[in-house]
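Numbering (the UniProt record's numbering), first residue to last: 1 to 278.
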């Protein structure tokens, strides 16, 4: 069993990290359109993006603490949102982010030993069931990467994703949900040192996982689980993929198109929780 994991009733309390920052010095187009300072504050169906993630995170029994990483100048506005969840009994801390994802995650993790779950503030379709799958997967893995198959994503919405990582067995989309079972797993976080968004910048992917692995993927010579084994070997970790049946989990609010998709799916999924736009 990977170092630092637990089983059954011995499940260690989980710290859930929400990455809510934005690129330094860049005004997010959705935030600009909405007249707010940060993307995580953009309203969708009447509530800020981050509210949906907090709503889900604060209803997961295994989560004992939530840490939100973002620019200090947005802490005041986000603290007002956090106050709405004070009665859930889970501490929610705001932490200053860093210029890159890896350092932001490390700072948000603090001195804890794990396990940690990492997601983003625009992951408005996140579900408790998805997080539960990650927690279960961390029993046998140091690091967990969550994906959804192309067929499932398109079934959720035909415009939900336009880019997929193509493997021998299927094409997959990233769900912006990760598990780090222990401190050792932070080695895998180096995968994102250059900022992620590999579909937009293939060079980053080559530097992160190696040219041989990219060629295996490019020519569809390896399936997703074989790729995870090779990735784990590169970092000296047990890395597992969780493949979600719910393709909507691979759709977040990235741009105007996906904002509209998420708005449509939210209205279908949670009609009783939606506050109509004025």
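Positions of the beta carbon are idealized from the N, C-alpha and C atoms, including for glycine.
Please report how far the alpha carbon of residue 33 lies from the alpha carbon of residue 255, in whole angstroms. Translated into positions along the chain shown, residue 33 becomes position 33. Translated into positions along the chain shown, residue 255 becomes position 255. Their backbone Cα atoms lie some 11 Å apart in a straight line.
Limits of the alpha helix (DSSP H) - the one that residue 69 falls within: Locating residue 69 in the chain shown gives position 69, counting from the first residue. Counting along the chain, residue 69 falls outside any alpha helix (DSSP H), though it belongs to the beta strand (DSSP E) covering 63-70.
Where do the ends of the alpha helix (DSSP H) carrying residue 107 lie? Reading the chain shown from its first residue, position 107 is the one you call residue 107. Start and end: 101-109.
Would you say the region 28-47 touches the region 99-111, given that touching needs at least three Cβ pairs under 8 Å? no
Which parts of the region 136-167 are runs of the alpha helix (DSSP H), unbroken and 4 residues or longer, counting only runs that do not cross its ends? 150-156
Have a look at residue 183 and residue 154 and give me their C-alpha separation to the nearest angstrom. Position 183 of the chain shown, counted from the first residue, corresponds to residue 183. Position 154 of the chain shown, counted from the first residue, corresponds to residue 154. Rounded to whole angstroms, residue 183 to residue 154 spans 35 Å at the Cα level.
Between the Cα of residue 320 and those of 149, 75, 99, 164, spot the shortest distance and give me the residue it belongs to. Past the edges of the chain, shown from 1 to 278, lies residue 320, and the structure says nothing about it.
Could you have a look at residue 42 and say whether DSSP puts it in helix, strand or coil? Taking the first residue of the chain shown as position 1, residue 42 is located at position 42. Reduced to three states, the DSSP call for residue 42 is coil.
Using the Cα positions of residue 14 and residue 228, report the straight-line distance between them to the nearest angstrom. For the purposes of this step, residue 14 is taken as residue 14 along the chain shown, with counting starting at 1. For the purposes of this step, residue 228 is taken as residue 228 along the chain shown, with counting starting at 1. Straight-line Cα distance between these residues: approximately 23 Å.
In angstroms with no decimal places, state the Cα-to-Cα distance between residue 142 and residue 235. Your numbering for residue 142 matches position 142 in the chain shown. Your numbering for residue 235 matches position 235 in the chain shown. Taking the straight line joining both Cα atoms gives about 11 Å.
Nearest CA to the CA of residue 46: which residue from 74, 81, 134? One-based indexing of the chain shown puts residue 46 at position 46. Of the candidates 74, 81, 134, the one whose C-alpha sits nearest the C-alpha of residue 46 is 81.
Member of 66, 62, 136 whose CA lies at the smallest distance from the CA of residue 120: Your numbering for residue 120 matches position 120 in the chain shown. Residue 66 is the option with its Cα nearest to residue 120.
What would DSSP say about residue 239, mapped onto helix, strand or coil? Position 239 of the chain shown holds residue 239. Looking at residue 239 - three-state DSSP - the assignment turns out to be strand.
May I ask you to verify whether the region 40-60 touches the region 165-184, counting CB pairs closer than 8 Å and requiring at least 3? no
Quick check on DSSP: helix, strand or coil for residue 187? Counting from 1 along the chain shown, the entry for residue 187 is found at position 187. Here residue 187 sits in helix by DSSP.
Take the Cβ of residue 174 as the centre, count every other Cβ of all protein chains shown within 10 Å, and call the residue buried at 16 or more, exposed below. Along the chain shown, read from residue 1 onward, the residue named residue 174 stands at position 174. Burial call: buried.
Short Cβ contact (8 Å threshold) for residue 117 with residue 21: Taking the chain shown and counting its residues from 1, one reaches residue 117 at position 117. Taking the chain shown and counting its residues from 1, one reaches residue 21 at position 21. No; because the gap between Cβ atoms is not below 8 Å, this pair is not in contact.
Just verifying my parser: in three-state terms, what is the DSSP assignment at residue 91? In the chain shown, residue 91 corresponds to position 91, counting from 1. Coil, per DSSP.
Taking a contact to mean a Cβ-Cβ separation below 8 Å, would you say residue 185 touches residue 114 in this structure? Within the chain shown, numbered from 1, the residue matching residue 185 stands at position 185. Within the chain shown, numbered from 1, the residue matching residue 114 stands at position 114. It is a contact, given that the beta carbons lie within the stated cut-off.
Where does the unbroken alpha helix (DSSP H) through residue 280 begin, and where does it stop? Residue 280 lies beyond the residue range present for the chain, which begins at 1 and ends at 278; the question has no answer from this structure.
By a C-beta neighbour count over all protein chains shown, 10 Å radius and 16 as the cutoff for buried, is residue 87 buried or exposed? The count along the chain shown starts at 1 and reaches residue 87 at position 87. Answer is exposed; the Cβ neighbour count stays below 16.
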